[in-house]
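Q: Just so we're aligned: 1244 in the numbering used here is position 740 of the sequence shown, and the numbers increase by one with no gaps anywhere.
Once you've had a glance at the structure underneath, I'll fire off some questions.
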Amino acid sequence: MAQRDRYDHQAIEKAAQEKWAALDLYKTDLASGKDPYYLLVEFPYPSGDLHIGHWYAFALPDMYARYLRMQGKEVLFPIGFDAFGLPAENAAIKHGVDPAAWTNGNIERMRGQLRSMGASFDWSREIAACDPDYYRWTQWLFLKLYEHGLAVRKKAPVKWCPHDKTVLANEQVIDGHCERCGAEVEERELTQWFLKITDYADRLLADLEPLPWREEIKDAQRAWIGKSEGAKLRFALKDHEGAIEVFTTRPDTVFGVTYVVLAPEHPLVGRLLEMVPNKAAVAAYLEATKKKTERERSENKDKSGVALEDVMAINPATKEAVPVYVADYVLGSYGTGAVMAVPAHDERDFEFARKNGLPVKQVIAQRFVQSTGPGTFREGEPVQEKDGVIVFVRHWDEDKYIALKWKQVDWGTLLTGTVDEGVTPEETVLKEIQEETGYQKPIIVGKLGVVDGIFYHDPKKTNKHVHGHIYVAQLEDGERAALDADEDAKHEVKWLTLGEMDGFLTADTHKQALAWLRDGYKPYTGTGSLVDSGPFTGRISSEAAADIVALAGGEMTTQYRLRDWLVSRQRYWGCPIPVVYDPQGAPHPVPADHLPWLLPNDVDFAPGGAASPLASSKELKERVTKLFGEGWTPEYDTLDTFVDSSWYYTRYLDPKDEHDFSDQALMKKWLPVDRYSGGSEHTTMHLLYARFFYKALHDLALTPTKEPFNERFNRGIILGPDGQKMSKSKGNVVNPDDFVQKYGADAVRLYLAFIGPYNEPGSYPWTLEGAVSMRKFLDRINTLVTAETTGVMTPGVARACARAIAKVAADTERFKLNTAVSALMVLVRDLEKLDSAPLAAKKDLVRLLAPFAPHLAEHLWQTLDPEAGSVHAAAWPAYDHALLEGETSTVAVQVNGKRRGDVALAPDASEADALAAALALPAVSAALHGAKPSRVVYVPGRILNLVVANSQKREGEEQDTAAGKS
Ligand code: ANZ
């Protein structure tokens, strides 16, 4: 084998980049007849130097862009800069530099670094959010929303960072601290601009469903929107004016309310404080609460709280009066800031009740449908519904309880009985003990709760549905009468310890009873049969909820965690809000012909309290007076930078358009974005804001589709060499420039591709050895390809190439670039074994390498054929599919993520073939229950996941199946 040389990466990379620039290779022809593909990467904040995290963000999508072009697509792969924002302003405050100059300097530096990476961006479409040609349209779009009532001013308590001297969006407050500087956040009342994202909450949820996103990304958005269906109920204050309105997701539990809780910041607290005898204690509690963060409060480890003594609230369903507490596990900002507490069915209420000695009243019985043994419920047969008792009878002397071993059927049970008309459960307990066991002196010592048993009574040959009241009885002594022959024939009386009961009891309800006897009652938070609930007793709780709300005079409502998007910032370096105020203070939009409404230059950057830096501009004031008249004043706030980034992907289509924010015809052709790659930190704010903004524009007929992005890929995280998340403050940032100098951009790119699957949550440490070994691999390729070509193609070599072509393509499609690189390694190893690799194989290899190591591939392509043009304009290599026939790989078939079997398929089998093979598996068709998969995720050679949309189950049904399994 030829000796391994190190290729001259500096010369090769420089030459390749010059060649691409000369050919203008990456310019997108938006009007081309080729299949369009819009690949978007989040436009970066121009912070200055590109670190390895940026490389990861851009170099890997770049590989995909190159791959797509070779597949014959017209690829739009643009770049720009999210160039407004706090750091520029902070630099201005700290070092006295002009934020615009600072920003432009950084952009200039980043452009150079992005080029050194070999990124194939279409630079002719570059945009910068701080450019007046761009923000003019941010302003125009804002005014469109304003015209349609979607941008509004309201007074609102806002989070204020005393250090950055700015209002923060709720999302920028982490645990009560400013996301940027870490200072403790304060609350202030200010008039602010909001975008009404809450109007879109339902659509943002519904339209999420069909998107081909990873489930955890969707879940994060769902949680952020936080939709809760429930009810508002009013608890009138006893002997006082007013009422407490609560929001509850479980109005079906209202008969079990034993107290009511107000959040410390609830407006009623201040008034009631003046009336309670324990005023000092309440005031002290309110003071202590202020120091806690929201997270600490919702965790509420100490279950702290204080009673408002002498204040009682009337339960609207039972008309009973219950005590009122102030406790900080209830948050002022959610729902109505007050809850009805149901300790029997809510964990937090339960713990609070236990700590404060408050009663626990069970109103829901879990439904246990027996699904094992001779008691298995017989679907479709008649059911007898009864009240019953389940009794633990304790020995007079030993730590044992009565258990019944049935004689005609394989059952082990506790003592049970049905409650007859006109008899109380307690009377039933005493009667059944005497009749069934002969013991004469039982005393009832406690009641544990109620469970619902739905089962087949084998000896009586009928289905039963028993509301079982669980009791504990104690025998005074061993006095016992002889048993009736009938009773004696039914079962044998045994004395068992609780441990022995474990394996003995066969009914699910009895097992639940045993658990309660051992550990005490635990709140049951599911739905089930209503107990002790007046006229609703016996009904399925979820089905009775609406009727209960009606009886209690409440109303059904839907609650969202999502708040309107606060977009005004008291900062300088942002898009000026294009609004002016008349002498009466009423807002007016700046007319379109005055846009861009320029950011003034003559400001004092030092933030000065509630007033925005723009208030210090003389020019801005004079501009307003001149254009609108005496007494008119400007809006001094600027827009949150998330507004800038909510629409930038539309601007790339027509970045220089002077008449519109983008071009309608081009948007129709190119939107939605085919694949959007970004960081997981943008899953909620940016991605949700952008979806909302685009939807709002769609309603105004300004954008062509309902959703802006089709696929969304979140990349993993690159860790520093120390295994910690890379960050300047930790001092573990890897500067790629040194690497590029030493080993070349291609080695760095290849290493980043190889480090792990891109489109999955993962953390990958950066190691020097990894990058060095990639460089060695590239040197091997260089040696292999540049060696003399004498070999001829054999079927074996052709098959090795075909295998690599199929696998690199399939993996690249799904951004599994790590395994694509592995496939390249296999091919290289195969070719190295030959005396000489044939030319066709070399050409295949170089083209497969092109997306990953674009510079070296360009160089080698030219070496192989000086006339061939750029490898990046070449077509992806083809292969004869017959070569792979008979070669199969095992593809795991999943239904909703659960593995149901395997199919053997050719590595390049199409999705349709894979689906057909999977559907032929009995286990798969059984799991589908005849449903058609709503989505198919196919990774050739590996996995086929069939996703079936959750059919909307009724709560009662879900309950039954859950109980059936237990
Ligand atoms: C009574 C009840 C009984 C509740 C029960 C639950 C179970 P989500 O799903 O998050 O919307 N809640 C309401 N407002 C609250 C607040 N400001 N701070 C803390 N907790 C609050 O949860 C709604 C449930 O959380 C409500 O339903 C209420 O407790 C509580 F068996 O009401 B529930």
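The beta carbon of each residue, even a glycine, is placed where N, CA and C say it ideally should be.
For Tyr530, is the beta carbon positioned less than 7 Å from some heavy atom of the ligand ANZ?
A: Translated into positions along the sequence shown, residue 530 becomes position 26. The answer is no for Tyr530.
Q: Thinking C-alpha only, which one of Glu546, Phe739, Pro847 is nearest Ala817?
A: Indexing the sequence shown from 1 puts residue 817 at position 313. Of Glu546, Phe739, Pro847, the residue nearest in Cα terms is Phe739.
Q: Tell me whether Asp1384, by its Cβ, gets closer than 7 Å to a heavy atom of the ligand ANZ.
A: The count along the sequence shown starts at 1 and reaches residue 1384 at position 880. Asp1384 Cβ: outside cutoff for every heavy atom of the ligand ANZ.
Q: In terms of alpha-carbon separation, which member of Phe547, Tyr541, Glu546 lies closest to Leu580?
A: To locate residue 580, count along the sequence shown from 1; it is residue 76. Closest by alpha carbon: Tyr541.
Q: For His1385 and Lys1311, I'd like the C-alpha separation in whole angstroms.
A: Stepping through the sequence shown from its first residue, residue 1385 is reached at position 881. Stepping through the sequence shown from its first residue, residue 1311 is reached at position 807. C-alpha separation (whole angstroms): 13 Å.
Q: Counting along the chain, where does the alpha helix (DSSP H) carrying Asn967 start and finish?
A: As a working note, residue 967 is residue 463 in the sequence shown. It is not in any alpha helix (DSSP H) - Asn967 instead sits in the beta strand (DSSP E) that spans 966-979.
Q: What does the Cβ neighbour count give for Val1330, buried or exposed, with the cut at 16 atoms within 10 Å?
A: Position 826 of the sequence shown, counting from 1, holds the residue named residue 1330. Looking at its Cβ environment, which holds fewer than 16 other Cβ atoms inside 10 Å, Val1330 is exposed.
Q: Counting only runs of 3+ residues fully inside the stretch 1088-1146, write out the beta strand (DSSP E) ranges in chain order.
A: Segments of the beta strand (DSSP E) lying fully in the stretch 1088-1146: 1091-1093.
Q: Would the C-beta of Ser732 count as close to the ligand ANZ, meaning under 7 Å from any of its heavy atoms?
A: Counting from one through the sequence shown, the residue named residue 732 turns up at place 228. Answer for Ser732: yes, Cβ within range of the ligand ANZ.
Q: On the CB-based measure, 16 or more other CB atoms within 10 Å of its CB, does Pro886 come out buried or exposed?
A: For the purposes of this step, residue 886 is identified with residue 382 of the sequence shown, where counting begins at 1. Answer is exposed; the Cβ neighbour count stays below 16.
Q: Please report how far the alpha carbon of Trp524 lies from the alpha carbon of Asp1250, in whole angstroms.
A: Within the sequence shown, residue 524 is the residue found at index 20, counting from 1. Within the sequence shown, residue 1250 is the residue found at index 746, counting from 1. Going by the C-alpha atoms only, they are around 16 Å apart.
Q: So is the beta-carbon of Ile947 under 7 Å away from any non-hydrogen atom of the ligand FAD?
A: You won't find the ligand FAD in this model; what it holds is the ligand ANZ.
Q: Assuming Phe1008 and Gly916 are in contact, meaning their beta carbons sit under 8 Å apart, how far apart are those beta carbons, in whole angstroms?
A: As a working mapping, residue 1008 is identified with position 504 in the sequence shown. As a working mapping, residue 916 is identified with position 412 in the sequence shown. About 4 Å; that satisfies the 8 Å criterion.
Q: Give a yes or no on whether the C-beta atoms belonging to Ala633 and Phe698 are separated by under 8 Å.
A: Locating residue 633 in the sequence shown gives position 129, where the first residue counts as 1. Locating residue 698 in the sequence shown gives position 194, where the first residue counts as 1. Not closer than 8 Å, so no.
Q: How long is the line joining the alpha carbons of Gly841 and Ala977, rounded to whole angstroms?
A: Position 337 of the sequence shown, counted from the start, is the residue given in the question as residue 841. Position 473 of the sequence shown, counted from the start, is the residue given in the question as residue 977. Spanning the two alpha carbons is a distance of roughly 43 Å.
Q: Tell me which residues share the same chain as Ile631 and place their Cβ nearer than 7 Å to its Cβ, disregarding the 5 neighbours each side in the sequence.
A: Counting from one through the sequence shown, the residue named residue 631 turns up at place 127. Excluding residues within five positions, the ones whose Cβ falls inside 7 Å are Gly584, Tyr638, Tyr1152, Arg1155, Tyr1156, Pro1159.
Q: Which residue comes first and which comes last in the alpha helix (DSSP H) that contains His555?
A: Numbered from its first residue, the sequence shown carries residue 555 at position 51. It is not in any alpha helix (DSSP H) - His555 carries neither H nor E in the DSSP assignment.
Q: With the cut-off set at 8 Å, would you say Asp756 and Ala1048 are in Cβ contact?
A: Numbered from its first residue, the sequence shown carries residue 756 at position 252. Numbered from its first residue, the sequence shown carries residue 1048 at position 544. Yes; because the gap between Cβ atoms is below 8 Å, this pair is in contact.
Q: Who pairs with Asp956 in a beta bridge, going by DSSP?
A: Taking the first residue of the sequence shown as 1, we reach residue 956 at position 452. In DSSP, Asp956 forms a bridge with Arg871, His971.
Q: Going by DSSP in three states, Asp924 sits in which element: helix, strand or coil?
A: By one-based count along the sequence shown, residue 924 stands at place 420. Asp924 falls in the coil class under three-state DSSP.
Q: Throw me the rounded Cβ distance for the Pro1355 and Thr1316 pair, which I believe falls under 8 Å.
A: Locating residue 1355 in the sequence shown gives position 851, counting from the first residue. Locating residue 1316 in the sequence shown gives position 812, counting from the first residue. The pair is a contact, with the Cβ atoms about 7 Å apart (cut-off 8 Å).
Q: Could you pull out every residue in the same chain whose Cβ sits closer than 8 Å to the Cβ of Glu1059, ignoring the five residues on either side in sequence?
A: Your numbering for residue 1059 matches position 555 in the sequence shown. Taken in chain order, the residues that qualify are Ala735, Lys736, Val1053.
Q: Would you say the beta carbon of His513 is closer than 7 Å to some non-hydrogen atom of the ligand ANZ?
A: Locating residue 513 in the sequence shown gives position 9, where the first residue counts as 1. Not under cutoff, so the answer is no.
Q: Buried or exposed: which applies to Ala655, given that a residue is buried once 16 or more other Cβ atoms fall within 10 Å of its Cβ?
A: The count along the sequence shown starts at 1 and reaches residue 655 at position 151. Label assigned to Ala655: buried.
Q: To the nearest angstrom, how far is the alpha carbon of Ala515 from that of Val1252?
A: In the sequence shown, the residue the question calls residue 515 occupies position 11. In the sequence shown, the residue the question calls residue 1252 occupies position 748. The straight-line gap from Cα to Cα measures roughly 16 Å.
Q: Name, in chain order, the residues that DSSP records as bridge partners for Tyr905.
A: The sequence position of residue 905 within the sequence shown is 401, counting from 1. Bridge partners of Tyr905: Arg898, Leu1000.
Q: With a Cβ-Cβ cutoff of 8 Å, do Leu564 and Leu543 count as a contact?
A: Residue numbering aside, residue 564 sits at position 60 when the sequence shown is read from its first letter. Residue numbering aside, residue 543 sits at position 39 when the sequence shown is read from its first letter. No, Cβ-Cβ distance for Leu564 and Leu543 is not below 8 Å.
Q: For Asn1239 versus His555, is the C-beta distance shorter than 8 Å?
A: Within the sequence shown, the letter at position 735 stands for residue 1239. Within the sequence shown, the letter at position 51 stands for residue 555. The answer is yes: Cβ separation under 8 Å.
Q: Out of Asn1286, Pro1426, Arg1303, state which residue places its alpha-carbon closest to the alpha-carbon of Asp1360.
A: Residue 1360 sits at position 856 when you count from the first residue of the sequence shown. Rather than Asp, the amino acid found at residue 1360 in this sequence is Leu. Here the closest residue by C-alpha is Asn1286.
Q: What number of angstroms, rounded off, separates the C-alpha of Glu1292 from the C-alpha of Leu618?
A: The sequence position of residue 1292 within the sequence shown is 788, counting from 1. The sequence position of residue 618 within the sequence shown is 114, counting from 1. The alpha-carbon atoms of Glu1292 and Leu618 are separated by roughly 35 Å.
Q: Let me know if Val927 comes out buried or exposed under the rule of 16 or more other beta-carbons within 10 Å of its beta-carbon.
A: For the purposes of this step, residue 927 is identified with residue 423 of the sequence shown, where counting begins at 1. So Val927 ends up on the exposed side.
Q: Count the other CB atoms, across all protein chains shown, that sit within 10 Å of the CB of Ser1149; report buried if there are 16 or more and exposed otherwise.
A: If you number the sequence shown from 1, residue 1149 lands on position 645. Counting Cβ neighbours within 10 Å, Ser1149 comes out buried, since at least 16 surround it.
Q: Could you tell me if the beta carbon of Val846 falls within a distance shorter than 7 Å of some heavy atom in the ligand ANZ?
A: Walking along the sequence shown from the start, residue 846 turns up at place 342. Yes, the beta carbon of Val846 sits closer than 7 Å to at least one heavy atom of the ligand ANZ.
Q: Can you tell me whether Pro1299 is buried or exposed, with buried defined as 16 or more other CB within 10 angstroms of its CB?
A: The count along the sequence shown starts at 1 and reaches residue 1299 at position 795. The residue in question, Pro1299, is exposed, as its Cβ has fewer than 16 Cβ neighbours within 10 Å.
Q: Below 6 Å CB to CB, which residues in the same chain sit around Phe1258 once its five sequence neighbours on both sides are set aside?
A: Reading the sequence shown from its first residue, position 754 is the one you call residue 1258. Cβ within range, chain order: Asn1322, Val1325.
Q: Who does Gly584 pair with in a DSSP beta bridge?
A: The residue given as residue 584 occupies position 80 in the sequence shown. Paired residue(s): Ile631.
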